[in-house]
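S.K.:
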Ligand code: ADP
Ligand code: MG
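In our numbering, the protein residues as written are 305 to 686.
1) Is it a yes or a no for the stretch 675 to 686 touching the stretch 617 to 628, going by three-plus beta-carbon pairs under 8 Å?
2) Below 7 Å CB to CB, which residues in the same chain sit around residue 305 once its five sequence neighbours on both sides are set aside?
3) Below 7 Å, is the gap between the Cβ of residue 562 and the nearest heavy atom of the ligand MG?
4) Let me know the secondary structure DSSP gives residue 366 once reduced to three states.
5) If you check the beta carbons only, do residue 355 and residue 651 fall under 8 Å apart?
6) Apart from the five residues just before and just after residue 406, which ones in its own chain have a Cβ nearer than 7 Å to its Cβ?
7) Using the C-alpha atoms, what's the distance from residue 321 back to residue 647?
8) Would the beta-carbon of residue 574 be found less than 7 Å away from any heavy atom of the ligand MG?
9) Who are the Cβ neighbours of residue 563 in its own chain at under 7 Å, not counting the five residues just before and after it?
10) Evaluate residue 598 with the Cβ neighbour count: other Cβ atoms within 10 Å of its Cβ, from every protein chain shown; 16 or more gives buried, anything less gives exposed.
11) Just to confirm before moving on: does the CB-CB distance between residue 408 and residue 555 stay below 8 Å?
12) Can you tell me the Cβ-Cβ gap for residue 381 and residue 372, rounded? I've got them flagged as a contact below 8 Å.
13) In three-state DSSP terms, what is residue 645?
14) Have a look at 590, 515, 566, 533 and flag the residue whose alpha-carbon is nearest the alpha-carbon of residue 560.
15) Identify, in the order they occur along the chain, each residue of the same chain with its Cβ nearer than 8 Å to the Cβ of residue 669, setting aside the five sequence neighbours on each side.
16) Whole angstroms are fine: how far does the CA of residue 475 sit from the CA of residue 486?
17) Within its chain, find whatever has a CB closer than 8 Å to the CB of residue 363; leave out the 5 residues flanking it on each side and keep chain order.
18) Can you look up residue 605 in the DSSP assignment and give me helix, strand or coil?
19) Which term fits residue 505, buried or exposed, when burial requires 16 or more other beta carbons within 10 angstroms of its beta carbon?
20) From residue 330 to residue 319, what distance separates their C-alpha atoms?
21) Less than 7 Å between the CB of residue 494 and some heavy atom of the ligand ADP, yes or no?
22) According to DSSP, is residue 322 part of a helix, a strand, or is it coil?
23) Quick one: what's got a C-beta closer than 7 Å to residue 462's C-beta in the same chain, skipping five residues either side?
24) With a CB to CB cut of under 6 Å and the five nearest residues on each side skipped, what residues in its chain are close to residue 678?
Encoded structure:
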């Protein structure tokens with residue numbers, strides 16, 4: 305087994321991050337704690353990560369000058385956003401280590417290449433059809449209906465998805481998506497959903513975080529419970545499948561793998577080439593959180609322990625609970641009164657329905673107690 309011979313990048317080196325959202329912001333925090341500096345590239349002047357980075361390059365992800373500056377001033381580069389152009393990553397990789405690779409990101413950013421990759425790797429996925437033109441939509445005899453039409457590129461948080469009962473509805477939805485390439489996926493009756501976040505280092509060592517159990521509202525993650533409840537066989541199998549995904553990609557970095565559990569069987573839903581929302585519980589409940597693992601993987605360091613020291617329940621805070629008045633915030637007192645609740649607000653200026661503004665995590669020795677307290681606070685905030 306050939307081991308990649310790359311020098312370890314130690315603090316206070318400058319690290320480069322593509323994307324300035326909340327994932328990038330947590331990365332900056334983790335890197336700063338370890339003594340690294342960070343340059344963030346993001347086109348938004350007010351991006352959550354850009355605001356706290358050492359250097360913010362405010363430019364588009366395909367701006368050659370900006371990419372050159374990143375390559376010339378940073379010792380390694382990673383991404384928090386799967387929709388950065390894979391070509392930008394390839395360009396950066398000519399000069400500096402880019403982890404994860406352009407190849408891994410290219411697969412994860414396109415639902416067709418993602419599904420084909422998973423299928424060829426022998427991983428179970430939901431039945432699907434690739435839709436390039438309206439003629440590709442199966443007729444009503446097909447047992448794919450009811451189905452979900454998903455645009456192949458740039459979808460997130462349930463955006464770019466339409467639930468369709470038949471060919472006619474699929475045609476309407478396809479037209480609404482301006483005939484962009486799509487996948488049509490069978491609508492499954494889910495028992496529940498889980499995810500696995502793992503890190504894989506330059507040497508190929510893997511550290512897997514405990515499987516979390518996720519519930520979604522309107523296609524957006526709402527609550528994650530970690531470890532997942534009473535489903536040890538499923539949790540263990542999910543970790544094995546996630547590791548298989550990482551190995552087949554020859555992946556370096558942090559990887560999130562979402563699963564459906566359907567009739568007691570695991571299906572891979574999608575993969576994220578970056579830390580994952582369902583891994584936010586690791587910030588408060590694990591020895592090493594997913595963002596520190598991201599720093600470690602990209603710098604060539606060995607991974608930290610991903611051992612979980614407390615049960616945890618994470619609740620997303622969406623813009624929906626913000627008051628209409630632009631200057632006011634929800635009443636946080638109820639949340640902050642709980643001494644086992646860790647609040648994380650992302651510093652986004654504009655609240656919008658469905659926009660992830662923050663999250664909180666309740667930790668406890670007892671998972672049931674953490675669930676109870678988190679649900680109480682969630683109910684009072686909504
Ligand atoms: P996104 O990129 O927006 O996260 P996903 O494909 O993960 O897109 O879909 C978001 C959520 O919608 C899933 O977590 C799941 O709750 C639901 N969903 C997606 N596809 C299916 C399906 N084929 N059957 C049932 N539910 C689905
Ligand atoms: Mg998803």
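All residues carry an ideal CB built from backbone N, CA and C; glycine is no exception.
M.R.: Short version:
1) yes
2) Note on residue 305: pLDDT 46, under 50, position unreliable in the model; no value is reported.
3) yes
4) coil
5) yes
6) 390, 393, 394, 397
7) 24 Å
8) yes
9) 497, 498, 499, 542, 570, 571, 572, 573
10) buried
11) yes
12) Rounded, the Cβ-Cβ distance is 12 Å, inconsistent with contact.
13) strand
14) 515
15) 614, 615
16) 12 Å
17) 345, 347, 369, 370
18) coil
19) buried
20) 14 Å
21) yes
22) strand
23) 522, 523, 524
24) 617, 619, 666
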